[in-house]
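K.L.:
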Amino acid sequence: TVCDENLDGNYEVNLLNFTDLMVDIPNPANSFSFYLTQQDAENGTNAIANPGNFTANPFPAQVWVKVQNIPGCDDIASVNFNFGNKLVLQNPGPFQIAVCDIGNNGTESIDLTQFQNQIYTGANVTFTYYPSLADLNNGTNAIISPSAFNYIQSAGSNIIYVKVSVPGSCPNVVQINLS
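Residue numbers for the sequence shown follow the working numbering, so the first one is 769 and each next one is one higher.
1) Leaving out five residues on either side along the sequence, give the residues of the same chain with a beta carbon under 6 angstroms from the beta carbon of Asn926.
2) Quick one: is Ile928 buried, meaning 16 or more other Cβ sit within 10 Å of its Cβ, or exposed?
3) The beta strand (DSSP E) spanning Ile912 covers which residue range?
4) Asn873 by DSSP, collapsed to three states: which one?
5) When you compare the CB positions of Val835 and Phe786, do they come within less than 8 angstroms of one another, or not?
6) How would you call Phe851, buried or exposed, if buried means at least 16 neighbouring beta carbons within 10 angstroms?
7) Taking only three categories from DSSP, how would you classify Ile793?
8) Express the C-alpha separation of Ser937 and Phe849 in angstroms, rounding to a whole number.
9) Please tell me whether Trp832 and Ala809 are closer than 8 angstroms, where the distance is taken between their beta carbons.
10) Assign Gln807 to one of three DSSP states: helix, strand, or coil.
11) Identify which residue in Tyr803, Ile920, Phe883 and Ala891 has its Cα closest to the Cα of Val934.
12) Shortest alpha-carbon distance to Phe863 belongs to which of Asp776, Val942, Tyr779 and Asn782?
13) What residues are listed by DSSP as bridge partners for Asp879?
14) Hey, quick one: how far does the alpha helix (DSSP H) through Ile887 stretch, first residue to last?
15) Under 8 angstroms between the Cβ atoms of Tyr888 and Val932?
16) Where does Asp903 fall in DSSP's three states?
17) What do you reckon, are the CB atoms on Tyr898 and Ala910 nearer than 8 angstroms?
18) Where does Asp788 fall in DSSP's three states?
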């Protein structure tokens, strides 16, 4: 199953993760090259340049692979992708938090986790909070303590992005607006 794991609108797939499924007996001598068309695979032309991080828009439902274990001895097979479904949220938001600066110092500790039971209550859920959509897309700068987030009114964005993940579904995103 293929998902847009980083929620940037593009599917990124490591095609090399599927190589053991393409041969009866895995062998380190096997070489794999991937193609967008069967004709390219048969001709050995226009191989996908970066199969370890393949992305295309639109993403194809099928690619072809040429497996070679001895020079001149190769086979061609197709790989069909199943596109996963995004996690269905109970409430997709956006949510609002009105921040009152009690100490009048421009900062306030707020609980970003207060909406979790409204967003999704199923089992094995993971909520990951990010200060920007770019951070969510890149999987960087996750907020370490979302239940005690130090909100600085004069710095950064007024929007928090929450990646909601459950095994077996593609992740989804929720927005929390701070004001």
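Every residue gets a Cβ at the ideal spot worked out from N, C-alpha and C, and that includes glycine.
P.N.:
So, from the listed chains and residues:
1) Leu946
2) Around the beta carbon of Ile928, a 10 Å sphere encloses 16 or more other beta carbons of the protein chains shown; the residue is thus reported as buried.
3) Neither: Ile912 is in no beta strand (DSSP E) and is coded neither H nor E.
4) coil
5) Inclusion of Val835 and Phe786 in the CB contact set at 8 angstroms is not warranted, their separation being larger than that value.
6) exposed
7) Note: Ile793 maps to coil in three-state DSSP.
8) 15 angstroms
9) yes
10) helix
11) Ala891
12) Val942
13) According to DSSP, Asp879 bridges with nothing at all.
14) Segment Gln884 to Ile887, the alpha helix (DSSP H) holding Ile887.
15) yes
16) If DSSP states are grouped into helix, strand and coil, Asp903 belongs with the helices.
17) It is a contact, given that the beta carbons lie within the stated cut-off.
18) helix
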